[in-house]
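Number of protein chains: 4
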Amino acid sequence: MYRLKGLGELRRKAPQMTVSWFNTFSFSRRAHSLPFATNLAVEDISGAQPAEVQNLLQGKWMGSSTWNTLVDPLNGEPFIKVAEVDGRGVQPFVESLRQCPKHGLHNPFKSPERYLMLGDVSAKAAHLLSLPEVSDFFTKLIQRLAPKSYQQAFGEVYVTQKFLENFSGDQVRFLARSFAVPGNHLGQQSHGFRWPYGPVAIITPFNFPLEIPVLQLMGALYMGNKPVLKVDSKVSLVMDQMLRLLHASGLPTEDVDFINCDGKTMNKLLVEVEYVSWVCDQDAYACSGQKCSAQSILFMHENWGRSPLLGKMKDLAARRKLDDLTIGPVLTVTTEAMLEHKNKLLQIPGSKLLFGGDALQNHSIPAIYGAIKPTAIFVPLEEILKNDNFELVTKEIFGPFQIITEYKDNQLPMVLNALERMHAHLTAAVVSNDMLFLQEVIGQSVNGTTYAGLRARTTGAPQNHWFGPAGDPRGAGIGTPEAIKLVWSCHREIIYDIGPLPKQWEIPVST
Amino acid sequence: MYRLKGLGELRRKAPQMTVSWFNTFSFSRRAHSLPFATNLAVEDISGAQPAEVQNLLQGKWMGSSTWNTLVDPLNGEPFIKVAEVDGRGVQPFVESLRQCPKHGLHNPFKSPERYLMLGDVSAKAAHLLSLPEVSDFFTKLIQRLAPKSYQQAFGEVYVTQKFLENFSGDQVRFLARSFAVPGNHLGQQSHGFRWPYGPVAIITPFNFPLEIPVLQLMGALYMGNKPVLKVDSKVSLVMDQMLRLLHASGLPTEDVDFINCDGKTMNKLLVEVEYVSWVCDQDAYACSGQKCSAQSILFMHENWGRSPLLGKMKDLAARRKLDDLTIGPVLTVTTEAMLEHKNKLLQIPGSKLLFGGDALQNHSIPAIYGAIKPTAIFVPLEEILKNDNFELVTKEIFGPFQIITEYKDNQLPMVLNALERMHAHLTAAVVSNDMLFLQEVIGQSVNGTTYAGLRARTTGAPQNHWFGPAGDPRGAGIGTPEAIKLVWSCHREIIYDIGPLPKQWEIPVST
Amino acid sequence: MYRLKGLGELRRKAPQMTVSWFNTFSFSRRAHSLPFATNLAVEDISGAQPAEVQNLLQGKWMGSSTWNTLVDPLNGEPFIKVAEVDGRGVQPFVESLRQCPKHGLHNPFKSPERYLMLGDVSAKAAHLLSLPEVSDFFTKLIQRLAPKSYQQAFGEVYVTQKFLENFSGDQVRFLARSFAVPGNHLGQQSHGFRWPYGPVAIITPFNFPLEIPVLQLMGALYMGNKPVLKVDSKVSLVMDQMLRLLHASGLPTEDVDFINCDGKTMNKLLVEVEYVSWVCDQDAYACSGQKCSAQSILFMHENWGRSPLLGKMKDLAARRKLDDLTIGPVLTVTTEAMLEHKNKLLQIPGSKLLFGGDALQNHSIPAIYGAIKPTAIFVPLEEILKNDNFELVTKEIFGPFQIITEYKDNQLPMVLNALERMHAHLTAAVVSNDMLFLQEVIGQSVNGTTYAGLRARTTGAPQNHWFGPAGDPRGAGIGTPEAIKLVWSCHREIIYDIGPLPKQWEIPVST
Amino acid sequence: MYRLKGLGELRRKAPQMTVSWFNTFSFSRRAHSLPFATNLAVEDISGAQPAEVQNLLQGKWMGSSTWNTLVDPLNGEPFIKVAEVDGRGVQPFVESLRQCPKHGLHNPFKSPERYLMLGDVSAKAAHLLSLPEVSDFFTKLIQRLAPKSYQQAFGEVYVTQKFLENFSGDQVRFLARSFAVPGNHLGQQSHGFRWPYGPVAIITPFNFPLEIPVLQLMGALYMGNKPVLKVDSKVSLVMDQMLRLLHASGLPTEDVDFINCDGKTMNKLLVEVEYVSWVCDQDAYACSGQKCSAQSILFMHENWGRSPLLGKMKDLAARRKLDDLTIGPVLTVTTEAMLEHKNKLLQIPGSKLLFGGDALQNHSIPAIYGAIKPTAIFVPLEEILKNDNFELVTKEIFGPFQIITEYKDNQLPMVLNALERMHAHLTAAVVSNDMLFLQEVIGQSVNGTTYAGLRARTTGAPQNHWFGPAGDPRGAGIGTPEAIKLVWSCHREIIYDIGPLPKQWEIPVST
């Protein structure tokens, strides 16, 4: 997982390691120019002076009532104590992740300054790793935990430094580069963005205790996710130390949680995290076809409420007729089921039927299919948000049936909260030309294909728009070059290395 | 899922539909300039003259002993008979998919002329769909099965035509555009390719019976996959007809299988397909960290066998010592387990120990870890491929342990077959500067990070190479800008549509 | 310039050519299913029946008083008459080009439906060229004018057809794909667009009379330019016919002008065209550094005029002092020159000094440098646009000196006209959050780095923005990855073609 | 050209500047941890202690016999002496540039380790600029020369630092990312690379004395060019110092030349540089159509010479006949001119006619056109390279006429030298499957469309290959999406900055 670098001469073995840098509770401080310096040397880690690995939660390092002891792979001595989180202790980590919304800590429409901050953190951390004493510390620490030669361990440190250099300055925001294509008429443009997943979990193995966790952790952070990191306990001391270096380089301590636990506990955490972060996509993915345009709900600003909008909607609905199939049979929901759903909704305080609500008459549609008039039901926003009503109001009815509600300026956060709580996040339209409003709503939502602007509508996806939910990369993106490439093929990397060999090449020492 | 087009006047209802185009077993032919023309008009489909939907397997249309009858959603009459495949009948479809290798029907190193052929098929099919009589036929057929207005149904046909135009000419191969970045030294370059998955399945819903299946089907084909297509039976007659149009446009009849079955049968098919196509990736993904560089096996051309290569390998292995950790403890496999594995391998006829094979001596490594000398065991290629031996020889040992075998020129297909049968496909190196040999091996394999050329090696992944398996898009790609973007973020599409409205815009008729 | 295609058997020679398709004034019509069909066969073109090549100007085909006669390269007979435009006749072509604004016929903010129209034209023209009789006609016509074998001539037609297929459907608009990167703070994003040059000229040689002109002509059209096309007279009959085919495929006849003339006349046209289309970029390029942020002029909507804006600007200007260098020496313009410029401006009717206008006092700045207070002069918009004043008002003063003017809603076209007439088009800011206003101004201007939105400013180009004029690709784009690549490197194409040869390959016939 | 940063408090004026960092001949050294430290403080630069600006040529800093003295813009005192190069002194700079080949100091096939080296230089220089004492030094130096406020001057330093961070690590090589597209048949792939221009010149203005030169200089270096830099003398002291910082960061001193001279001298240099670097492109561009496939010369390895190749070429040429136009009239060169050219070539010692060389017989081609048999003339490689013969042998004959020569393994440098000396560099084919040979030839040449591999040929450019010379970005790239975008449109940057303003925003101090 790294390339050998010509490194002068080999160090001989672990007992010669001599410097330790990063402050933990168990390492006492010593005077040093770097603020995170400690004075427990790597070679002093032993049965007599075991090192400790802590957990990091919402910006706070902390121990545990349960400590897991590791034995030295070279001599069997217990030499590291890991603060273990058990099944009961996992809840605060779940809560911490739940506080991160699905649209992440940042995205192209939210807190873009975080892209820059992470570019700064990368530049500073890369510089620290380039200092000989820091590089030597991590090299020896890796050797101590996952025994390998000095050059092999140094390779990890070097690759990690170069990776951090790669994403210095503006390069983090360049990762969020989007693209746009002219639309069908003046005023229309389609944009493809890279969107975070929100809360995510990273589980990494023992064999590359620095490189794999840092590269994946920073990648997750760069794109706007909030990660919880679990490293194989045998080597998690390395990341305990590295997280402190990242904090010293400016990474906010709340950005990453760090947990030590067994597989069962981690699985418990994952299940909960998954619930929070993935359910929407899985949901949408699992039956994508059946809920193409999904949630039929209209959030209407009160200004629209005062306009003739609702009246006109009613008139237009009334023009539809079975004769020319502008209204027709519903293939997956019966008439009875839809009328029952209507009745339940009308029991919510303040709700009312705006139009429709009746079965079609004088037709031969068989009873296994549905046949009702275009129907709209008003439900007050406060009622929608109540736990008892939310599932009912947002239930998928794949037919001519919609919910309408209304909000005032200061109720926008309630609308955004309702969006966040829904399970399916496919098509949406934000019908406004107010750039600040659009920015706020887009930046705090995760719907897939999203139409924005006064002419926005949810049923307009021709072949030049990516049509599909945000989330799962193989979800259901359809039709565009981007969609075809991402859905129907995978990346394969081929590295050619054909020579010629340098003129005086000789077999190097073993590593 | 489409945009309305101003379409002159509205047609009134189903009974006025009058033309039918594409030949099925149940439709009789009529004289017409197009070879696939038939003379059963859409309006004649009825209880008296039910239409039939067939299955397509390995290039042959076929009926079934079991027919599923659909009722007309407008009047309840049985009007379509679908040839259903049941659980027992699914096996030939599984076999058909299994014949497609994991590296697909084509990829950038295999049968590139297929990209062009699919560009031609798209251009021709787009032109056919642009003919008024063909467009009208499909529009009415959609209306007949999934009742919606003429304009709504026409929208699907129009979008499908435009999509096919988009991938005319060279545009299919442009989807396979790769990129390359200079390496660390002369002769090294890393390339990122888009690779197919091989056999895939597409399941589509009833609501867009033409657009969704065609866009996903063609996308899958373009990238080199072999799809089996299952459309919701209620509307599968549309794709039965469209597949015939695609064949008439030049699509080889073996490229797509088409199946009508219930969910349970499809699930059975999927499970088998999954086994064939996905197990490697899931496997690699599930414990990615534990098998970073996975399969330790060396396929050596006999010319190398005659060279001093093996002797030199033995000498180099002998230089390694615990003292400087150039050999060290194995953290996940015990000494005992590795020696037992060695003994089993040595029972294979023709196999022999090349070097190593003993436990390390004079050390304090605890027994829960492993400690053996670098070990290589030769196994004849013919033996590796035997069903009884294959699992054993390719068992993952995450330690200093490798299998070596040898092949002659004419045995390259056996080597490729062994690669295809393995379950994990992570790093590989193809050590040759012969461009034709590289092309053949790369084009017929699916390993993730693959090094090619005389200086190729499997352990050299710095931060500028994508490191991870091919396959699952969220697999474990690590470190590069491409990897960060594909692994840690998803696509989100925002379409701005801000106006202004055209000057004389009026409310159009309902659709 | 093309690849051989296996074409069955060779045609023998020109006299066997038998069909001619596209209508010119000199070809009489015959009854045929295609509207542009004629009945003069290619083989009939001869001294007795010479063909004629016409000019196309603003949608009208026309002859000339001067005809240039070409001799048949196979026998020396005069066989084609070309309507030549001479030096006097060139002016209407110049005028036609001048009517196309610098921002082109379309761009991502103007008439995006033209991208689709051109995708349609391409699909239709590709289909026509795929018809055997049309393909054969053009193949023989090319042979007749630029003698080469049937296969070689057919190669041109085939490549042209495939090119047109490539840009069918949405692929023209995909060429206009832009990208965007998050900015420094919420609300800021930088976008990179592909912008047309406006009026352009294409001059093509004799050796590929169809392929080179069509590929370059369509490329120019796709991006939004208005081309005048001149083909080597020896072969210009081919494009005379091909333009008629493009018109029949839906290309508006005004989109391309077609001229036959000698080099001297073309040069005259070019000089004038260059003046219209290139002067801004050349100007900016020639002394880029000296006019980094160039034109200091503020167009203020009357609503701003009524606000306290001007008063606040005056107060802020008054805070500046030499002491902390918030005002300082002007290195390239003397105090005297600036005061003289002020005086000239104040002679324009309606103009007035808003603030500043005096030399700095009590300083030791040497007389070779300039030293004045921050200065703003109001000039009425109507006066700015007068020919006598325009040069004066838009004169570059690289110092603390600006022009301010005001416009009403209905005067926006006057503002856009002023922008179009300026010679340098570097930085600009459009200070509004009104999306429709931004769309109108951006779509009808050609400034390079353009800031848009309420926080827009012209002096804010950090390293993550492309900073430079639009226009010349090597202009002065600075600092971004895009700029470095486009300014400091060129495209080089390497095509690998390594084999293997098809198994039964044999030497084909000569072509 | 930069953004204001919140900078704590304002420094008051120039006399308070106190530190100077970078060694020049005129600044004496002082003890300091950084090797390039000096002890002349910025505030000490004055009439009494003038600073000196030197020239840098081929790695050596040097003064001049002529010194140009600048006056302090704040008080008129002479305070800086610039070593001026005059017309006679310019020749060594021309020679220095000429030593850089047209294919640059590096490209994707030559010295790729230089991309990494430049990434390292950028990381180190960025870190140095981030140190408060270094940043303060450059800020004050800028203020001293181009009087502006501390914040404005600091802005330049900050942007420059961030730019250098952006191209740290692997990001320089990522700029050289290429792309590839599958070809028409197995073994064919087309690749698009970014290629340097070789020797280039950068001329920068006074207003941003650090930012503009560093961004353009590094951009030019990153892509593989060798720049000579000329900064407006009024401020060139800033880049004198900055170049020393770059050297201290690892930039090889020979990579950039730095010259101080007047416009006339620079123009002289430019004319010569242009001659070296641009003539090929301009040449190709000027009459692109007339020399599509240009130079007809075959360099044949002696192994091919011993094969039946030449005999087979002769046989194939003999099959061509006027009858089917497989040989035909030459439209731009007469028979007489071609025969005369043949005769001149045959006077070169060792040259001989291989086949052809006669006029066609029994035809009616008019005398204004050419008519000869396919002709090949052998000329020894040593003779081709002689100054007296080179122009003659490489003269463009746009007809069926080619030169053939032969080389041995050790003569490849002579072949590459001949390629470098030619003026037109359009199509070429390198007919070999030896990857190391291909790498060497491609990496040391600048031909545009280049075919590589055993099936390579120069006449095969369909619509999916970029066809055109390398060099001028608007040259004649034809037909591909890349070509259309780069040739027919320009980059335009729009930066949206819409707000909202931060909640407690106040008007900042003037800058």
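Chains as they are written, first to last, in my numbering: chain A, 7 to 517; chain B, 7 to 517; chain C, 7 to 517; chain D, 7 to 517.
Yeah, the Cβ is synthetic: ideal placement off N, Cα and C, and Gly gets one too.
Can the beta-carbon of residue i be found closer than 8 Å to that of residue j?
| i | j | result |
| --- | --- | --- |
| LEU492(C) | HIS497(D) | yes |
| ARG200(C) | ALA186(C) | no |
| THR411(B) | PHE305(B) | yes |
| ALA89(A) | GLN64(A) | no |
| PHE212(A) | ASP238(A) | yes |
| ALA207(B) | VAL178(B) | no |
| GLY110(C) | PRO202(C) | yes |
| ILE378(C) | PRO335(C) | no |
8 Å is my cut-off, CB to CB: does residue i come that close to chain A?
| i | result |
| --- | --- |
| SER141(D) | no |
| ARG463(C) | no |
Where do the ends of the alpha helix (DSSP H) carrying residue i lie?
| i | result |
| --- | --- |
| ASP321(A) | 315-324 |
| THR517(B) | It is not in any alpha helix (DSSP H) - THR517(B) carries neither H nor E in the DSSP assignment. |
| ARG150(D) | 138-151 |
Does residue i have its Cβ less than 8 Å from a Cβ in chain B?
| i | result |
| --- | --- |
| ASN172(C) | yes |
| PRO118(C) | no |
Do we get a CB-CB distance below 8 Å when we pair residue i with the residues of chain C?
| i | result |
| --- | --- |
| MET441(B) | yes |
| GLN194(D) | yes |
| PHE361(A) | no |
| PHE85(D) | no |
Give the C-beta separation of residue i and residue j to the nearest angstrom, bearing in mind that I take them to be a contact with Cβ-Cβ under 8 Å.
| i | j | result |
| --- | --- | --- |
| THR456(C) | ALA430(C) | Contact doesn't hold; Cβ gap of about 14 Å is too wide. |
| GLU139(A) | GLU217(A) | With 8 Å as the limit, GLU139(A) and GLU217(A) do not qualify as a contact, their Cβ atoms being about 20 Å apart. |
Under a CB-based cut-off of 8 Å, is residue i close to chain D?
| i | result |
| --- | --- |
| ALA131(B) | no |
| ILE504(A) | yes |
| PHE180(B) | yes |
The ligand ZN heavy atoms versus the CB of residue i: any closer than 7 Å?
| i | result |
| --- | --- |
| LYS350(C) | In the structure shown, the ligand ZN is absent, as is every other ligand, since no ligand is present at all. |
Chain B contacts from the segment 447-461 of chain A (Cβ-Cβ distance under 9 Å): Cβ contacts with chain B come from ILE448, VAL452, ASN453, GLY454, THR455, THR456, TYR457, ALA458, GLY459, LEU460, ARG461.
Interfacial residues, the segment 144-178 of chain D to chain A, with Cβ spacing under 9 Å: Identification of residues in the segment 144-178 of chain D having a C-beta nearer than 9 Å to some C-beta of chain A yields GLN167, LYS168, PHE169, LEU170, GLU171, ASN172, PHE173, SER174, GLY175, ASP176, GLN177, given in sequence order.
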